[in-house]
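Each number in this note's numbering corresponds to the 1-based position in the sequence shown with 28 added.
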Amino acid sequence: MRSREYDLDFRDRATRIRAWGIGLLSLAALLWVWCAVLLLTPYEVDRKPDDKYPAECQSRLFTEYGTANQGLQRGDYCADERDWPEAVAVLGLSLPVSIVGVTLFTSGSVSRRMSAHSEAMRELDRLTDTPKA
29 MRSREYDLDF RDRATRIRAW GIGLLSLAAL LWVWCAVLLL TPYEVDRKPD
79 DKYPAECQSR LFTEYGTANQ GLQRGDYCAD ERDWPEAVAV LGLSLPVSIV
129 GVTLFTSGSV SRRMSAHSEA MRELDRLTDT PKA
């Protein structure tokens, strides 16, 4: 395989690696959005199946001793619907996904840049080595 063909193949692999990194970072962003929805939005809870008047609950994060945190002590059903472990699990799942995504994106980007730099250096060497007329 010639040097130029090898370099183009190397850049294609680096581009694919970077694309995988972007995909994983997008997945991590979706997980962060899901966690934010779980923590920041108000929600409704059915007290019984097919409840026509579900209980309205405040968001998990922006409530102080409200419906989301006091739970069944006051007869509320809100505390069990959106539990903290679910939000923390989503956030915890996003951590390794984002770390791998950043690693792949960085590796692919650096590989492409180094390949371009290497090609530029070869071109400069070629220009300096040609005899002047």
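Glycine included, every Cβ here is placed at the ideal spot set by N, Cα and C.
Remember, predicted model here, so these are calculated numbers, not experimental data.
query	result
Touching or not, the segment 127-146 and the segment 69-85, by the rule of three or more beta carbon pairs under 8 angstroms?	no
From what residue to what residue does the beta strand (DSSP E) around residue 71 run?	71-73
Can you name, in chain order, every residue of its own chain whose Cβ lies under 8 angstroms from the Cβ of residue 50, other than the five neighbours on each side?	129 and 133
Restricting to Cα atoms, I'd like to know which of 89, 140 and 120 is closest to residue 41.	140
Taking the CB atoms as reference points, tell me whether residue 55 and residue 118 lie closer together than 8 angstroms.	no
Which same chain residues end up closer than 6 angstroms to residue 84 when comparing Cβ atoms and leaving out the 5 residues on each side of it in sequence?	72
Let's see if you can read the secondary structure: which residues bound the alpha helix (DSSP H) around residue 31?	31-68
How should residue 31 be labelled, buried or exposed, when 16 other C-beta atoms within 10 angstroms of its C-beta is the threshold for buried?	exposed
Would you kindly check if the distance between the Cβ of residue 46 and the Cβ of residue 126 is under 8 angstroms?	no
Please classify residue 162: is it buried, with 16 or more other beta-carbons within 10 angstroms of its beta-carbon, or exposed?	Lying before the first or after the last residue shown, residue 162 is absent from the chain, which here runs from 29 to 161.
Note down, in chain order, each residue of its chain lying with its Cβ closer than 7 angstroms to the Cβ of residue 74, except the 5 sequence neighbours on either side.	82
Closest to residue 124 by CA distance: which of 63, 53, 115 and 149 is it?	53
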